[in-house]
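Comments concern the structure below.
Numbering (the working numbering), first residue to last: 17 to 213.
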């Protein structure tokens with residue numbers, strides 16, 4: 017019945033908003049961790065080692081640098097978080113579980129952008145070939161391949177989703193949907209890329 021404890025690893029960059037987390041709940045612990053930093057990861061996982069004695073464990077990998085425009089300016093930051101950070105998380109979980117994966121799951125959140133530009137067929141499927149077109153989508157495609165490699169190489173319990181335009185309340189207003197909502201609420205112009213097609 018339910019989760020015993022939630023540990024949140026967050027590097028607390030410009031888009032983080034810890035004030036939106038239910039930190040008054042004693043079952044939620046926020047830890048400032050850069051998942052691309054091996055030493056920080058090692059320290060954080062040693063703190064929560066006891067949690068891995070529980071029968072059911074879910075690692076939910078939402079960590080990502082995800083703004084396409086920022087990836088064009090600084091692709092290395094995206095490689096570090098999205099590729100190196102994901103592999104660090106995969107390795108940490110694999111090393112902790114050590115062949116005892118029953119009741120454990122690593123849920124990797126990806127993006128539809130790994131499939132490239134939407135063509136005339138109007139949709140992507142699980143069989144659509146990867147065709148990343150930006151440093152962001154290339155870094156996410158790489159992290160997807162590592163997640164699948166862990167599944168095939170180590171029989172590691174992986175689930176993956178390719179989401180599109182995630183948004184929610186208090187979302188940092190730089191991506192399309194949160195930016196539009198923020199601008200509407202504040203009577204600001206609604207920026208359109210290209211011709212708005």
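Quick reminder that beta carbons are idealized off the backbone N, C-alpha and C, glycines included.
By a C-beta neighbour count over all protein chains shown, 10 Å radius and 16 as the cutoff for buried, is residue i buried or exposed?
{"i": "residue 175", "result": "exposed"}
{"i": "residue 97", "result": "buried"}
{"i": "residue 134", "result": "exposed"}
{"i": "residue 124", "result": "buried"}
Less than 7 Å between C-beta atoms, sequence neighbours within five positions excluded: which residues of the same chain meet that for residue i?
{"i": "residue 151", "result": "87, 88, 91, 94"}
{"i": "residue 147", "result": "131, 132"}
{"i": "residue 82", "result": "152"}
{"i": "residue 60", "result": "25, 47, 49"}
{"i": "residue 199", "result": "205, 206"}
{"i": "residue 144", "result": "131"}
With the cut-off set at 7 Å, would you say residue i and residue j are in Cβ contact?
{"i": "residue 51", "j": "residue 116", "result": "no"}
{"i": "residue 48", "j": "residue 21", "result": "no"}
{"i": "residue 99", "j": "residue 185", "result": "no"}
{"i": "residue 102", "j": "residue 62", "result": "no"}
{"i": "residue 121", "j": "residue 173", "result": "yes"}
If you drop the 5 nearest sequence neighbours on each side, which residues of the same chain put their C-beta closer than 8 Å to that of residue i?
{"i": "residue 34", "result": "26, 28, 46"}
{"i": "residue 38", "result": "44"}
Candidates the options: which alpha carbon is nearest residue i's?
{"i": "residue 24", "options": "30, 78, 31, 201", "result": "78"}
{"i": "residue 111", "options": "204, 165, 98, 65", "result": "65"}
{"i": "residue 142", "options": "211, 178, 113", "result": "178"}
{"i": "residue 32", "options": "197, 169, 190", "result": "190"}
{"i": "residue 165", "options": "57, 58, 106, 56", "result": "106"}
{"i": "residue 194", "options": "171, 183, 138", "result": "183"}
{"i": "residue 54", "options": "108, 75, 36", "result": "108"}
{"i": "residue 163", "options": "126, 57, 41", "result": "126"}
{"i": "residue 208", "options": "202, 192, 201, 197", "result": "192"}
Excluding the five sequence neighbours on either side, which residues of its own chain have a C-beta within less than 6 Å of the C-beta of residue i, listed in chain order?
{"i": "residue 72", "result": "119"}
{"i": "residue 180", "result": "128"}
{"i": "residue 188", "result": "31"}
#### Entry: Unbroken stretches of the beta strand (DSSP E), 3 residues or longer, contained in the segment 49-82
73-77
### Query
Which whole runs of the beta strand (DSSP E) in the segment 118-183 are 3 residues long or more, in chain order?
120-127, 174-179
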